[in-house]
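K.L.:
If you read the protein sequences in the order shown, they are chains A and B. Under the numbering used here, the very last position in the first sequence is 521; numbers go up by exactly one each time. Under the numbering used here, the very last position in the second sequence is 521; numbers go up by exactly one each time. Even glycine gets a Cβ: it sits at the ideal position worked out from N, Cα and C. I have a structure I would like to understand better, so I am pasting it below and will then ask my questions one at a time.
2 protein chains.
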Amino acid sequence: MRVLVTGAAGFIGSHMVDRLLAAGNSVIGFDNLSTGQIRFLQAALANSKFVLHEGELLDRPTLTQAMQGIDLVVHLAANADVRFGTQHPRKDLDQNAIATWNVLETMREQGCRRIAFSSTGSIYGEPEVFPTPETCPFPIQTSLYGASKLAAEGLIQAYCEGFGMQACIFRFVSILGERYSHGHVFDFWQQLSAHPGHLRVLGDGHQKKSYLYVQDCIDAILLALDRIDNNRNGKNVNIFNLGTDEYCEVNDSIGWICDYLGLHPEITYSGGIRGWVGDSPFILLDCSKMRSLGWRPKLSIREAVLATIKYISSHFEENHADR
Amino acid sequence: MRVLVTGAAGFIGSHMVDRLLAAGNSVIGFDNLSTGQIRFLQAALANSKFVLHEGELLDRPTLTQAMQGIDLVVHLAANADVRFGTQHPRKDLDQNAIATWNVLETMREQGCRRIAFSSTGSIYGEPEVFPTPETCPFPIQTSLYGASKLAAEGLIQAYCEGFGMQACIFRFVSILGERYSHGHVFDFWQQLSAHPGHLRVLGDGHQKKSYLYVQDCIDAILLALDRIDNNRNGKNVNIFNLGTDEYCEVNDSIGWICDYLGLHPEITYSGGIRGWVGDSPFILLDCSKMRSLGWRPKLSIREAVLATIKYISSHFEENHADR
């Protein structure tokens, strides 16, 4: 199969590239290298079945070149940030919604019918049902990031109905693991590198969060794509929550990180049940639909946090820290 | 109050302008006159409290000029077409989603905090719950129109959360009444004007649809805006379905129209439970939330259809018909 992976040099994208190549596929990577790292593709670039296109999804001609002969698009490129959305209110619309429309329209023009898409549990806003199923009550958006992913989902669904495409949409919790480069584990590590005796925490520390290990995430995507491709009567639109069946408090995660680093910092909290505007005080997704395909995560949240802090500690210089 | 009405020259927009002026407000109209009709604003233009800006919502500088000193935006401008979405797949994204972002961002820049928005029951796709409440299970989009309105809703909600705005979002059924200029009543009238003995119907004629009379729609919007403005603890995001508590089949509507015109055409059906891709076979919204504010529609669906065919018959020349 010939697969286009957008966001190929990113945290999740580069793992996806590696796994698709390992399974014998031809992989076309697409990335603007704004946050992606070419070093994540070191192994892939040595493989003759991999080609990287450096470009913007908002640049249709470049995208059209990359879309030649593609059987499946794994669309992972995104502005994957909730917290700073209000500082650049157009970015999510451009990078997530309009970019996805460009992917869809280019697929349509080039005759590619299948797409996998990384959506987010953030589109549930602040749900009232826990664990939150894919069919929970119609949510209200609380972040520009969530709104832009919702817009992208809607466009994908409408293209499936209007143009006979087939989509697997995955609503992720936060993903952890090797090549992780932004999020709470990174923030805490940066702070503790700069001043090991003190940690500032946004919110009250009791925010309840779910996380998933990156290889468990990839396992789920590849399994769902395989099952739905082999089911010729499959629905056009297939939506799966992806997460663990557990959650932790931010304070739990801090404890695991500090234990690993052998630190006992004084902790101060900014207070409030949300860390920032659009933060969700409680994320726990009902992943029984994905589990019904036979998938289950191999790592617990604690194990995923530890894999992440281990990776960060060994791959980043302490002088990257924000002093 | 100084109110900006987008889509001011349109079917619903021009009625909104008239009603806002009648209530003593200053009204700034904004319209690109692509489908709006300047003649709908004849009375308004004679009122010193009305100003019309002709411009595109995608043109931020023009929009910024119109947004000066505005207390409330009633955002009705849209590409309000489901059926032809697949013929121009970018139009809904531009006219509904990106245009709404421009409205929101210009509001933010100019310090306007309140917005009323015309969303649509089409964002429920093909729901499984009837009548369909605002909190029905998270729907899947079946049209580019619905997807673009969903995107606009999400952006509005995120701006409310992120920037302290307040929104009333109205999910309309199809609206009927004076100044109506596209939709099934118009299509049928055009056909019967061209060939009174024959009517072609898309679908099997059993599609179940809800309609609302335009003045009932305006009543609801103005009432909700009044109640929520007077409730200082009101939510940031307030969503209301707007429709009648009844539905009719397309065949019922045909019967009322033919009775009015005194015609007995031979009817042929294209067949299928949907008239076109993205058509919803059954629309019936649960409007109890809006009714709880004291609103109820004054006209039944049959009365609204008759008001519409009466208006069309007396305002359009038969040679407009599609022969």
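Report the residues of the stretch 256-290 of chain A with a CB closer than 8 Å to any CB of chain B, ordered along the chain.
P.N.:
Those would be G283, T284, P287, R288, in chain order.
K.L.:
So, for Y467/B: in the same chain, excluding its five sequence neighbours on each side, which residues have a beta-carbon less than 6 Å away from its beta-carbon?
P.N.:
Taking the second sequence and counting its residues from 1, the one referred to as residue 467/B is at position 269. V399, D402, G403.
K.L.:
T260/A by DSSP, collapsed to three states: which one?
P.N.:
Along the first sequence, one-based indexing puts residue 260/A at 62. T260/A: helix per DSSP, three-state reduction.
K.L.:
Near C485/A, what residues of its chain come up, given a Cβ to Cβ distance below 8 Å and the 5 sequence neighbours on each side ignored?
P.N.:
Residue numbering aside, residue 485/A sits at position 287 when the first sequence is read from its first letter. Once the five neighbours on either side are set aside, the close Cβ partners of C485/A are P329, F438, N439, L440, G441, T442, D443.
K.L.:
Going by other Cβ atoms of all chains shown within 10 Å of its Cβ, with 16 needed for buried, is V203/A buried or exposed?
P.N.:
Indexing the first sequence from 1 puts residue 203/A at position 5. Buried is the call here.
K.L.:
Is it true that the CB of G323/B sits closer than 8 Å to the CB of A339/B?
P.N.:
Position 141 of the second sequence, counted from the start, is the residue given in the question as residue 339/B. Position 125 of the second sequence, counted from the start, is the residue given in the question as residue 323/B. In the sequence under discussion, the amino acid at residue 339/B is Gln, which differs from the Ala named in the question. It is a contact, given that the beta carbons lie within the stated cut-off.
K.L.:
Closest to Q235/A by C-alpha separation, out of L219/A, R377/A, N294/A, would be which residue?
P.N.:
Counted from its first residue, the first sequence places residue 235/A at position 37. Residue R377/A is the option with its Cα nearest to Q235/A.
K.L.:
With H, G and I counted as helix, E and B as strand and the rest as coil, what does DSSP make of G453/B?
P.N.:
Counted from its first residue, the second sequence places residue 453/B at position 255. DSSP places G453/B in helix when its eight states are reduced to three.
K.L.:
In or out: R521/A buried (at least 16 other Cβ within 10 Å) or exposed?
P.N.:
Residue 521/A sits at position 323 when you count from the first residue of the first sequence. Reliability of the predicted coordinates at R521/A is poor, the pLDDT of 35 falling under 50, and no value is obtained from them.
K.L.:
Establish whether the CB of P329/A and some CB of chain B are separated by less than 8 Å.
P.N.:
Translated into positions along the first sequence, residue 329/A becomes position 131. Closer than 8 Å: no.
K.L.:
Does chain A have any CB closer than 8 Å to the CB of L353/B?
P.N.:
On the second sequence, position 155 is the one that residue 353/B refers to. It does; some Cβ of chain A falls within 8 Å.
K.L.:
Is S408/B helix, strand or coil when you go by DSSP?
P.N.:
To locate residue 408/B, count along the second sequence from 1; it is residue 210. DSSP places S408/B in coil when its eight states are reduced to three.
K.L.:
Measuring straight from C-alpha to C-alpha, what distance separates G344/A and R472/A?
P.N.:
The count along the first sequence starts at 1 and reaches residue 344/A at position 146. The count along the first sequence starts at 1 and reaches residue 472/A at position 274. So the two alpha carbons sit approximately 16 Å from each other.
K.L.:
If D477/B sits next to V249/B, beta carbons under 8 Å apart, how far is it from one beta carbon to the other, in whole angstroms?
P.N.:
As a first step, residue 477/B must be located in the second sequence, where it is residue number 279. As a first step, residue 249/B must be located in the second sequence, where it is residue number 51. With a Cβ gap of about 39 Å, D477/B and V249/B do not count as contacting.
K.L.:
So is S232/A buried or exposed if we call it buried at 16+ other beta carbons inside 10 Å?
P.N.:
One-based indexing of the first sequence puts residue 232/A at position 34. By the 10 Å Cβ count, S232/A comes out exposed.
K.L.:
Looking at the strands, I want to know which residues DSSP matches up with H396/A.
P.N.:
Position 198 of the first sequence holds residue 396/A. BP columns for H396/A point to E464/A.
K.L.:
By DSSP, does Q151/A sit in helix, in strand, or in coil?
P.N.:
Within the shown structure, residues of chain A are numbered from 199 to 521, placing residue 151/A beyond reach of any answer.
K.L.:
Report back the beta-carbon spacing between C310/B and F370/B to the nearest angstrom; my notes put them in contact at under 8 Å.
P.N.:
Counted from its first residue, the second sequence places residue 310/B at position 112. Counted from its first residue, the second sequence places residue 370/B at position 172. Their Cβ separation, rounded to whole angstroms, is 23 Å, which puts C310/B and F370/B out of contact at 8 Å.
K.L.:
Run through chain B and tell me which residues come within less than 7 Å of L342/A, C-beta to C-beta.
P.N.:
Against the first sequence, residue 342/A aligns to sequence position 144. A356, G360, listed in chain order.
K.L.:
Name the DSSP bridge partner or partners of G328/A?
P.N.:
The sequence position of residue 328/A within the first sequence is 130, counting from 1. This sequence places Phe at residue 328/A; Gly is not what is there. None, per the DSSP bridge assignment.
K.L.:
Please determine, among L497/B, C358/B, D424/B, V448/B, the residue with the shortest C-alpha to C-alpha distance to N434/B.
P.N.:
Against the second sequence, residue 434/B aligns to sequence position 236. Closest option to N434/B, Cα to Cα, is C358/B.
K.L.:
If the criterion is Cβ atoms closer than 8 Å, does the pair V412/B and H213/B meet it?
P.N.:
Taking the second sequence and counting its residues from 1, one reaches residue 412/B at position 214. Taking the second sequence and counting its residues from 1, one reaches residue 213/B at position 15. Contact: yes.
K.L.:
What's the call for K496/A, buried or exposed, on a 16-neighbour Cβ count within 10 Å?
P.N.:
On the first sequence, residue 496/A is found 298 positions in, with the first residue counted as 1. Label assigned to K496/A: exposed.
K.L.:
Counting only Cβ-Cβ distances shorter than 7 Å, please list the residues of the stretch 309-334 of chain B near chain A, keeping chain order.
P.N.:
Listed by position, the residues of the stretch 309-334 of chain B near chain A (Cβ gap below 7 Å) are E332, T333, C334.
K.L.:
Quick one: which chain A residues come within Cβ less than 7 Å of P337/B?
P.N.:
Walking along the second sequence from the start, residue 337/B turns up at place 139. Going along chain A in sequence order, the residues near P337/B (Cβ under 7 Å) are F336.
K.L.:
With a CB to CB cut of under 7 Å and the five nearest residues on each side skipped, what residues in its chain are close to S341/B?
P.N.:
Taking the first residue of the second sequence as 1, we reach residue 341/B at position 143. Correct list, in chain order: V280, G283, S320, G476.
K.L.:
Can you list the beta strand (DSSP E) stretches of 3 or more residues lying completely in the stretch 237-295 of chain A, in chain order?
P.N.:
248-252, 270-273, all fully within the stretch 237-295 of chain A.
K.L.:
Should V435/B be flagged as near chain A, meaning a C-beta pair shorter than 8 Å?
P.N.:
In the second sequence, counting from the first residue as 1, residue 435/B sits at position 237. It does; some Cβ of chain A falls within 8 Å.
K.L.:
Can you look up V186/A in the DSSP assignment and give me helix, strand or coil?
P.N.:
With chain A running from 199 to 521 in the structure shown, residue 186/A is simply not present.
K.L.:
Please identify, using Cβ separations under 9 Å, the residues of the stretch 459-480 of chain A that lie next to chain B, in order along the chain.
P.N.:
The residues in question are V475, G476.
K.L.:
Which first and last residues belong to the beta strand (DSSP E) in which G227/A is found?
P.N.:
Residue numbering aside, residue 227/A sits at position 29 when the first sequence is read from its first letter. Looking at the DSSP string, the run of the beta strand (DSSP E) that includes G227/A is 224-229.
K.L.:
I'd like the span of the beta strand (DSSP E) that includes S317/B, first residue to last.
P.N.:
For this step, residue 317/B is matched to residue 119 along the second sequence. 312-318 is the extent of the beta strand (DSSP E) around S317/B.
K.L.:
Could you check where the beta strand (DSSP E) with L440/B kicks off and where it finishes?
P.N.:
The residue you call residue 440/B lines up with position 242 of the second sequence. That run of the beta strand (DSSP E) goes 435-440.
K.L.:
CA-CA distance, T506/A and I481/A?
P.N.:
The residue given as residue 506/A occupies position 308 in the first sequence. The residue given as residue 481/A occupies position 283 in the first sequence. The alpha-carbon atoms of T506/A and I481/A are separated by roughly 20 Å.
K.L.:
Which bits of chain A does A345/B rub up against, with CB to CB less than 9 Å?
P.N.:
Position 147 of the second sequence, counting from 1, holds the residue named residue 345/B. Near A345/B (Cβ distances below 9 Å), the residues of chain A are A349, E351, G352, L353, I354, Q355, A356, Y357.
K.L.:
Looking only at C-alpha atoms, which of S379/A, E464/A, F361/A sits nearest to G395/A?
P.N.:
Within the first sequence, residue 395/A is the residue found at index 197, counting from 1. Nearest option by C-alpha distance: E464/A.
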